[in-house]
């Protein structure tokens, strides 16, 4: 009875137009009550510094397979939110990968081990996927594709990197650029002046490299437990800072630790964000679930071949 009531409420909330279809989550994503995911502890506050220096893209990245030709990326160009759809029944199955830290375990500090991916492993994963013909889009582009009823090319996937650690620019960015990939960075904006987190200059570096800067709240609070003005502030203030720093409003959102509520979903939509992701495992994007999109968690034990096999069912050739 509780799940049925939640589905009815969500279908009313997500109605994009008078002809919106009822929720059809599909077997890959059974809608359930929020469940806690992994989160990463914060760091002590320090004064802001200069942009984090970038290593050469080839630094410490093994030549496992021939690299594809470089791709020129245009800066800060993620699509704005598209708020309606011509076909509420349209659905996609584009894998959305979830990463947190791209750093050697010895340098990960207090981060939970399950959130830490060694840069060498990350390079191996990206290299093999690129060689197998996979390519990336940002989550903002996926949102626009879903709203417009447009199917991405075969072998399309999305990379998301949560929380906003500096290794997202020092370690992840050179690897992404090497293979012509883009990623969506979910940044906790209240940490941008803390050590070990991305600075405003780093965010501009990422945006200029074609990466999407997305909303992960101000303070990484459990938004399922926030209400009213406090909830709105945690989402809106982060979105405002992203716009101030990059010149572009965010399009997408990630619930801290995967926790959500109906009120939080409504607050995300009210702030003109077009898609939100959870920590729920699965691959499915529909107009009805656009604010509760599942992802695939990438773990340290997952080899490049494991990841390629995992995505093979979504190649859609």
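In the working numbering, the protein residues as written are 106 to 422. Think of the CB as a built atom: it goes at the ideal place given N, C-alpha and C, for glycine as much as any other residue.
Whole alpha helix (DSSP H) elements within the segment 332 to 397, 4-residue minimum: Note on the segment 332 to 397: whole alpha helix (DSSP H) runs with a minimum of 4 residues are 333 to 351, 367 to 375, in chain order.
task: Please report how far the alpha carbon of residue 265 lies from the alpha carbon of residue 202, in whole angstroms.
output: To locate residue 265, count along the chain shown from 1; it is residue 160. To locate residue 202, count along the chain shown from 1; it is residue 97. When rounded, the distance between both Cα atoms is 6 Å.
- prompt: Under three-state DSSP, which class holds residue 308?
  reply: Your numbering for residue 308 matches position 203 in the chain shown. In the structure shown, residue 308 sits in a helix (DSSP, three-state: H, G or I).
query: Going by the beta-carbon positions, is the gap between residue 249 and residue 199 smaller than 8 Å?
result: Looking up residue 249 in the chain shown gives position 144. Looking up residue 199 in the chain shown gives position 94. Contact check for residue 249 against residue 199 fails: the beta carbons are separated by 8 Å or more.
field: Where residue 325 falls, given that 16 or more other Cβ within 10 Å makes a residue buried
entry: Within the chain shown, the letter at position 220 stands for residue 325. Buried, by the Cβ-count rule.
field: Contacting residues, own chain, Cβ-Cβ under 7 Å from residue 322 (five flanking each side not counted)
entry: Counting from 1 along the chain shown, the entry for residue 322 is found at position 217. Its chain contains 293, 328, 339, 340, 343, 361 as the residues whose beta carbon lies nearer than 7 Å to that of residue 322, once the 5 sequence neighbours on both sides are disregarded; these appear in chain order.
message: Taking 8 Å as the threshold (C-beta atoms), are residue 350 and residue 399 in contact?
response: In the chain shown, the residue the question calls residue 399 occupies position 294. In the chain shown, the residue the question calls residue 350 occupies position 245. No, the Cβ-Cβ distance between residue 399 and residue 350 is not below 8 Å.
query: Around the Cβ of residue 168, are there at least 16 other Cβ atoms within 10 angstroms (buried) or fewer (exposed)?
result: For the purposes of this step, residue 168 is taken as residue 63 along the chain shown, with counting starting at 1. Bear in mind that a pLDDT of 47 at residue 168, under 50, signals an unreliable position, so the model cannot answer this.
query: Nearest-angstrom Cα distance between residue 237 and residue 331?
result: Translated into the one-based positions of the chain shown, residue 237 becomes position 132. Translated into the one-based positions of the chain shown, residue 331 becomes position 226. Roughly 43 Å between the two C-alpha positions.
field: Residues near residue 273 by beta carbon distance below 7 Å, same chain, minus five either side
entry: Translated into positions along the chain shown, residue 273 becomes position 168. Excluding residues up to 5 positions away in sequence, 207, 266, 290, 303 lie with their Cβ nearer than 7 Å to the Cβ of residue 273 in the same chain.
query: What residues are listed by DSSP as bridge partners for residue 401?
result: What you label residue 401 is simply residue 296 of the chain shown in a count that begins at 1. Answer is 202.
- request: Report the three-state DSSP secondary structure of residue 319 (helix, strand or coil).
  value: To locate residue 319, count along the chain shown from 1; it is residue 214. Looking at residue 319 - three-state DSSP - the assignment turns out to be strand.
- prompt: Which term fits residue 408, buried or exposed, when burial requires 16 or more other beta carbons within 10 angstroms of its beta carbon?
  reply: By one-based count along the chain shown, residue 408 stands at place 303. Classification of residue 408: exposed, given that the 10 Å Cβ count is below 16.
message: Whether or not the segment 408 to 420 and the segment 228 to 245 are in contact is what I'm after, with contact meaning three or more pairs of Cβ atoms, one per stretch, closer than 8 Å; do they touch?
response: yes
message: Counting only beta-carbon separations shorter than 8 Å, does residue 308 have a partner in chain D?
response: You won't find chain D in this structure, because it holds only one protein chain.
- request: Have a look at residue 373 and residue 406 and give me their C-alpha separation to the nearest angstrom.
  value: Position 268 of the chain shown, counting from 1, holds the residue named residue 373. Position 301 of the chain shown, counting from 1, holds the residue named residue 406. Approximately 33 Å between the Cα atoms of the pair.
Segment limits, alpha helix (DSSP H) that includes residue 268: As a first step, residue 268 must be located in the chain shown, where it is residue number 163. Counting along the chain, residue 268 falls outside any alpha helix (DSSP H), though it belongs to the beta strand (DSSP E) covering 261 to 268.
message: Closest to residue 242 by C-alpha separation, out of 320, 222, 263, 256, would be which residue?
response: If you number the chain shown from 1, residue 242 lands on position 137. Closest by alpha carbon: 263.
- request: Let me know if residue 319 comes out buried or exposed under the rule of 16 or more other beta-carbons within 10 Å of its beta-carbon.
  value: Translated into positions along the chain shown, residue 319 becomes position 214. Buried, since its Cβ has 16 or more Cβ neighbours within 10 Å.
Residue span of the beta strand (DSSP E) that contains residue 408, given as start and end: Residue mapping note: residue 408 aligns to position 303 of the chain shown, counting from 1. That residue, residue 408, is in no beta strand (DSSP E); it is neither H nor E in DSSP.
query: Between 317, 282, 227, 345, which lies nearest to residue 209 when the distance is taken from Cα to Cα?
result: As a working mapping, residue 209 is identified with position 104 in the chain shown. Nearest C-alpha to residue 209: 227.
- request: Along the alpha helix (DSSP H) that carries residue 227, what are the first and last residues, could you check?
  value: Counting from one through the chain shown, the residue named residue 227 turns up at place 122. That run of the alpha helix (DSSP H) goes 224 to 236.
Secondary structure of residue 417, DSSP reduced to three states: Within the chain shown, the letter at position 312 stands for residue 417. Per DSSP, reduced to three states, the secondary structure at residue 417 is helical.
- prompt: Who are the Cβ neighbours of residue 403 in its own chain at under 7 Å, not counting the five residues just before and after it?
  reply: As a first step, residue 403 must be located in the chain shown, where it is residue number 298. Contacts found: 202, 203, 204, 222, 412.
- prompt: Going by the beta-carbon positions, is the gap between residue 193 and residue 356 smaller than 8 Å?
  reply: Position 88 of the chain shown holds residue 193. Position 251 of the chain shown holds residue 356. It is not a contact, given that the beta carbons lie outside the stated cut-off.
message: With a threshold of 7 Å on Cβ separation, who are the neighbours of residue 213 within its own chain once the five nearest residues in sequence on each side are excluded?
response: Residue 213 sits at position 108 when you count from the first residue of the chain shown. Closer than 7 Å at Cβ, skipping near neighbours: 206, 221.
- prompt: residue 90 by DSSP, collapsed to three states: which one?
  reply: Outside the shown range of the chain, which is 106 to 422, sits residue 90, and nothing can be said about it.
- prompt: Taking DSSP as the reference, what is the three-state secondary structure of residue 281?
  reply: Walking along the chain shown from the start, residue 281 turns up at place 176. It is helical.
query: Do you know offhand how far residue 383's Cα is from residue 370's?
result: In the chain shown, counting from the first residue as 1, residue 383 sits at position 278. In the chain shown, counting from the first residue as 1, residue 370 sits at position 265. Rounded to whole angstroms, residue 383 to residue 370 spans 11 Å at the Cα level.
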